[in-house]
Amino acid sequence: MSPMLQALVSGLALAGSAIAVPQKREVDSLVASQILTDPYAFDFPRLGAPGASLFPMRLCHGFKLEEASVDDLQTRMSNGSLTSVQLLECYLDRIYQTQPYLNAILQLNPDAHAIAKKLDNERAQGKVRGPLHGIPFIVKDNIASKDRMETTAGCWALIGSVVPRDSFVVHGMRKAGALLLGKGALSEWADMRSNNYSEGFTARGGQCRSAYNFTVNPGGSSTGPGVAVGANLIPIALGTETDGSVINPAQRNAIVGIKPTVGLTSRAGVIPESLHQDTIGTFGKTVRDAVYTLDAIYGVDTRDNYTLAQKGLTPKGGYAQFLTNKDALKGAVFGLPWESFWALGDAEQIAQLEELIDLIKSAGATIVNGTELPHYKDIVSPSGWNWDYGSTRGYANESEYSYIKVDFYNNLRDYLAEVNNTNIKSLEDLVQYNEDNYGSEGGFPSIHPAFGSGQDGFIASLESKGIMNETYFSALDYCRRTTREEGIDAALKYGNRTLDGLLVPPDVAQSIQIAAQAGYPVITVPAGTSSVSGMPYGLAIMNTAFSEPTLIKYASAIEDLQKTSGTKWQRTLPEWRGYLQRNLPVIIPWYVPTHGTSQYTNYTAACFIIKRKANSHIIGEHEWRPAGARVRIPGPLIAWNHLRPKNGHLTVGTFGTRRSTHTPSPKVHLIPASTFIAMAIPDQKIIIIGGGMCGLASAIAISQAFSSHEVQPQITVYELRDAPSTFGGPVNLTPKALRCLDKLGVFEELKRMRFGCEVDAIQIFSMRTGSEIASIDYAGADGRGFGGYKGWRVMRFDLLKAMLSVAERLDTVQIRYGKKLTRIEEKVDQVCVHFEDGGVDIGDMVLGCDGIHSATRNLFVEPDRKPVYSRWAAAYGFVQVQELFGAREKPFFEDSALVMSRYGSALTTFCDDARSLIYTVLLMEMEEQGSREGWKSIGKDQERVRLEGVRRTQNSPLPKMAQMIEKVSDWTLYPIYVLPPNGRWHTNRVLLLGDAAHAMPPKGESIGHAFEDAIRFSLILSHYKSESPLRAFEFYEGFQRKKTEDLYKVSSTGWKSNDDIGAIGGMLLEWFTPLYLWWTKGFSEKDLWTDPTDISFPS
């Protein structure tokens, strides 16, 4: 090759590949405005993307609405940067984005925009009604609103009915200036209609699902309000509770729930269950938000006699005055009713809650363990929530259900008497409607998957005829006495003082049940997330009647302690697990013991049989009996760790919810083993050597590829260095590399973290004339890039941090540092890796992602193929734009520039989001130094680098080109090695990826090829998951090798030259460069358009 051509390709090695010639075409702006060019940014969750990145929330007119508090929103509206109309539109956009998945909103208010405009007009005139002015909210669909929305309890029977007036609580919210956006989903008839049902399902709206895990109980019966606040669809909401229906969805969606004392909030205008226990509660992401909402809805209402009890017991000025901080915990004394509630919880969850309790103690509080309810052995079901536990024990006159079912018959009749335009006037009418419409309403058992027991709750109430007999009054008296003065009040007494509250785990639903029977208040705050299911749980505090000021004081103090301490036991964003699954009914999670006897919750009757096909040995066979029965699991749980659920199955009888007390019909379903949280055992163990770009990309890609599978592999990444680190300057990410990063969920993270800057083109200048002679275009013919992706320059370590941020959110990925690989042993069915510190790990396969100096390759796959030093090193450094150009001047290039001369080339480019740094790099011939320390030592010879830079830039008319070289104060040398091509990529269980297999010469695309390797192999592995790794390895190599070798040939051609080609040679180079770019355009563009997911598998 001629020196001129060598010099050209040498320059391109610095700039990176990908050449395009812009082509003009007319654009119809109207049509273009309707085209979604980037579907994966917000509107379509990318298949396999990790966790929270599946449904990112748009900025609201430049404001981060996600997790915004009511105070945050008021600040924006007060300073004029946001209006109520704009806020409404942003929340509606979030609802449109998530509604097909969560199904949290049953109906939107058609008048919402008009109301928002009126609220904005009031604000403009100086009238601000309070902290809720202009704040959107939703209510559960059993809370009446006298507007164009329905109030139906989620059923078809009440559609079209007309309520007489606003409910008291909706009226209060309107008076406070809050904006009613719509009605939230719920469990139909607030769980009253069936005892075996799918929580969060209504015939009218379908199944509402939690953003944390779509497959399990989302919490209810105020499901929609809880899910909507938890997933940032709305800032605040109202729900109702008879027994757990506010606290349960709050804690299962990582939000605050306030269930007030019965009688503090009016039930007038609310579809009832029992006036003895019904109350209206509030939801918010913070205690403050929930309290602002409570302040708007409490008060005396003549239409609800129970509210008269609050006279003289509520504070002047509302409840917000009791909000405080962690300092309030000093001197506080809380009780733990351990045997009553805590001992019944999931072991992992209880252990995590104990850590939070310890944190509360460290803030100055005293915790008194063993503050039991005197009658807990009789009133607390040890086998789970059971509102007919008295009858289970043989004493209907001690059962909550004995009076609830009677109350419902009477209270519903009274409510319907005021509702117009409906034929439904009694429970008899309602039962008949469901039977007549059994296909949609499941009026008979085993007809509808969401209503396994049909409408048995209605029928039990119907059979009571509303007669308040001796059993009714005895049960009411018993439940009140044993939960009030001989229950919670007694547990609050400790020595000569009254405790400041009882701390309970609300996921143990019996705890909240006791407060419900007492009519006492409870507040739950987010307290953590299950590592198994991904579902949140809370920590609740309860106290006596009308003790809301005390509860608010300490709940807000605990919340402040969580936030200021940085503990992980607090609210987390949802991970959208199982977002493509639509199981019905939703699964009710249970607790699996490590050994011995377990008190199972949340089931009726079922049996499971798990077998391994390999030897047909029955691992376990157990029958699950009705709630209350004891189930014994022999042996420790570790015995299950060798089970592969893909080789087994679960046969499960129809099962119920937290209200299951009766044996259902014997209908049997076949359900994948992995559906059940308790059996979620990894299908494969994958070991990745190398925690750099390729290793992290592979871990993320594999986790994503298996995200929709029944079970996912466990991935462990081992990194040589003691902490995350990298070597080298900024990297050039071409459109192909960005496409890969976007599929991995990393590109959004880069932008969120504000790392790097976009590159439309790499301009090519003549050092001799200062003129632009060509460009390497990343913007594409339409200016939008190649499939929406342009170029990007980013610091290597910043890119690593963004990748780590994504990887660390994946439950299936672990990263371990300071692990130097020393040996690999491959066996028939497994592979074993050994480390210098004596550690050993065993897996199904090993992926060598440890770069050009790969220990995986050198120790095992192909020890004879060693990297070769090229005789060249990249010298790079940085200069501050402000220091070089001042405040007014700008560099001679837009994004990035390759400056060509007879002596060689120099690359200058922005590399940070603020474009405050210019990265400069030169290729220099250097002797091999043998070690990283050696290169660091020679890198101290700054004068040698400076003189070489001066030689190349001397007499250049490019503005401040020479000064740019002079201003670099700290040059770093990065040695360039090449790996001989055509080597071995894999053995039976070990595969090389990225530079470990095929390190490219430095044309800026090695990193893009590594990302492509990771994604393609992950998809191939996912396709062949049930077969040996060798099948996936062989298909991957057959698919990828030829393209990789062709790219290697193109990128290696002539890149090494750096000799002086003379003055005439330099001029010819300037003339020849555009021709060369045109010549290579087709090949380069084809690579830029590469979609790593485009793989054709044999049929």
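Under this note's numbering, residues -2 to 1096 are what the sequence shown spells out, in order.
We put the beta carbon where it would ideally sit given N, CA and C, even for glycine.
All values derive from a computational prediction rather than experimental measurement.
Distance between V243 and G516, taken at the CA atoms: about 13 angstroms. Put simply, the backbone Cα of Q811 is about 6 angstroms away from that of I712. Counting of Cβ neighbours within 10 angstroms places G689 among the buried residues, the total reaching 16 or more. About 27 angstroms separates the beta carbons of V330 and T276, which is beyond the 8 angstroms limit, so they are not a contact pair. 9 angstroms or more divides the Cβ of A554 from the Cβ of P503. For S867, the enclosing beta strand (DSSP E) starts and ends at V865 to Q877. Judged by DSSP secondary structure, D774 falls outside any alpha helix (DSSP H) and instead within the beta strand (DSSP E) spanning E769 to D774. The continuous beta strand (DSSP E) containing Q104 extends over residues I102 to L105. Contact between the segment 388 to 403 and the segment 123 to 139 is absent: fewer than three C-beta pairs spanning the two stretches fall below 8 angstroms. Less than 9 angstroms separates the beta-carbon of S705 from that of L577. Looking at the backbone, the Cα of K887 and that of L955 are separated by about 12 angstroms. Within the segment 352 to 433, the complete beta strand (DSSP E) segments of 3 residues or longer fall at 363 to 366, listed in chain order. Collapsing the DSSP output to three states places L79 in coil. Following the DSSP letters along the chain, one finds H831 inside the beta strand (DSSP E) bounded by residues V828 to F832.
Under the three-state reduction of DSSP output, T1041 falls in the helix class. Where G454 is concerned, there is no enclosing beta strand (DSSP E), although the alpha helix (DSSP H) around it starts and stops at D453 to S461.
V288 is not a Cβ neighbour of L310, given a cutoff of 9 angstroms. Distance from the CA atom of F794 to the CA atom of G753, rounded to whole angstroms, is 11 angstroms. Considering only Y873, L62 and M961, the residue with the shortest C-alpha distance to W968 is Y873.
Each residue's CA atom was taken as its position, placing D301 and A414 some 16 angstroms apart. Annotation: S1015 to K798 spans about 22 angstroms, alpha carbon to alpha carbon.
In this structure, L305 is the residue among G241, I233, V224 and L305 with its C-alpha nearest to the C-alpha of G260.
Rounded to whole angstroms, the gap between the alpha carbons of A959 and T950 is 5 angstroms. Under the DSSP assignment, Q681 falls outside any alpha helix (DSSP H); it carries neither an H nor an E label.
Put simply, of H1006, S471, V166 and I233 the residue whose alpha carbon is nearest the alpha carbon of C737 is H1006. The Cβ atoms of G197 and G236 lie no closer than 9 angstroms to each other.
Counting along the chain, D117 sits inside the alpha helix (DSSP H) bounded by residues A109 to A121. Less than 9 angstroms separates the beta-carbon of R201 from that of T149. Taken through DSSP and simplified to helix, strand or coil, L807 comes out as coil.
When the beta-carbon positions are compared, V583 and P215 come within less than 9 angstroms of each other.
Here D108 really is in contact with D144; their C-beta atoms are around 6 angstroms apart, less than 8 angstroms. Shown here, N729 sits in a strand according to DSSP, grouped into three states. With contacts defined by Cβ atoms closer than 9 angstroms, Y435 and I421 do not form a contacting pair. Going by beta carbons, L370 and G535 fall outside the 9 angstroms limit.
For M958, the uninterrupted alpha helix (DSSP H) run begins and ends at M958 to K964, by DSSP. Within the segment 477 to 522, the complete beta strand (DSSP E) segments of 3 residues or longer fall at 499 to 501, listed in chain order.
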